[in-house]
Amino acid sequence: MAIRHSTIKAISRNLVFYVRVTTQLIQLQSITVHLKPRTNKSFTINNLQIMKKYFYSDGSNSLGPFTIEELKERNLNRTTSVWFQEIGEWKPAGQVEELRELFALVPPPVPYQLINPPATALANNNRSTIDVLVLISMIYWFSMNLIDFLLTEFVDNWYDGPIKYIRFVLNCFWFLMPLILPLAITNKTLRTIGLIVGSILCMYLIYNNLVWIIADLKKS
17 MAIRHSTIKA ISRNLVFYVR VTTQLIQLQS ITVHLKPRTN KSFTINNLQI
67 MKKYFYSDGS NSLGPFTIEE LKERNLNRTT SVWFQEIGEW KPAGQVEELR
117 ELFALVPPPV PYQLINPPAT ALANNNRSTI DVLVLISMIY WFSMNLIDFL
167 LTEFVDNWYD GPIKYIRFVL NCFWFLMPLI LPLAITNKTL RTIGLIVGSI
217 LCMYLIYNNL VWIIADLKKS
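Residue numbers (my numbering): 17 to 236.
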């Protein structure tokens, strides 16, 4: 009986020891699992992008290297050529996956013709304006001369009669020619100079005509 009791007691001690060891092993495994580093896929991708060095071209020079964040601050457009080691060849920025978000809501470049109309169209429009103004000036000039001729040839004693005052009024319109002709100049600076000179000439002609009328009135 004494031997059987000691055997049972030894087995009980072994079981308690085994349970304790097993419990400690389980705790160690759980701690190891918690301490095991977790791999974050997006974090790894971001790190790789930061480590990449990017270059871009301004049309004549290669600029760089830049990180992806620095590159995004360079005001690139869809057609800007970009290069980094993994792609091998230069590609438009719009085709580089890391840069696509920059152009998600950006409209494509405005066509060149909308920004700068063809020079030929502008030249034709300017030329048409000049032609019209010159034609109007010629018609005005011709009309004034024709009226003056008719008054001179067909009105008796026109110089000594009241018709001379009518002629003075017509001459005032004729004196406007120096103001009309500068309007045909397309260059703004030259047109301004022409208008200043024309204004002075116009006032001079009107002044001389007034002096003539006043002197004639004093004689009569």
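Ideal Cβ positions, reconstructed from N, Cα and C, are used throughout, including at glycine.
Query, Result
"Quick check: the Cα distance between Trp228 and Lys235, rounded to an integer number of angstroms?", "11 Å"
"Just mark Thr96 as buried or exposed, buried being the case when its beta carbon has 16 or more other beta carbons within 10 Å.", "buried"
"Assuming Pro198 is part of the alpha helix (DSSP H), what are its boundary residues?", "Element bounds for Pro198: n/a, residue is neither H nor E."
"What does the alpha-carbon distance come out to for the pair Gly214 and Leu149?", "15 Å"
"Measuring only the C-alpha atoms, how far is Tyr72 from Pro198?", "51 Å"
"According to DSSP, simplified to helix, strand and coil, what is Lys107?", "strand"
"Here's the rule: buried if 16 or more other CB atoms are within 10 angstroms of the residue's CB, otherwise exposed. What is Leu226?", "exposed"
"For Tyr223, which residues does DSSP report across the bridge?", "Paired residue(s): none; Tyr223 is not in a bridge."
"By the DSSP assignment, the alpha helix (DSSP H) with Leu92 in it spans what residues?", "Where Leu92 is concerned, there is no enclosing alpha helix (DSSP H), given that its DSSP letter is neither H nor E."
"Apply the 10 Å Cβ neighbour rule to Trp239 and answer buried if 16 or more other Cβ atoms are within range, or exposed otherwise.", "A query on residue 239 cannot be resolved here, the shown segment of the chain reaching from 17 to 236 and no further."
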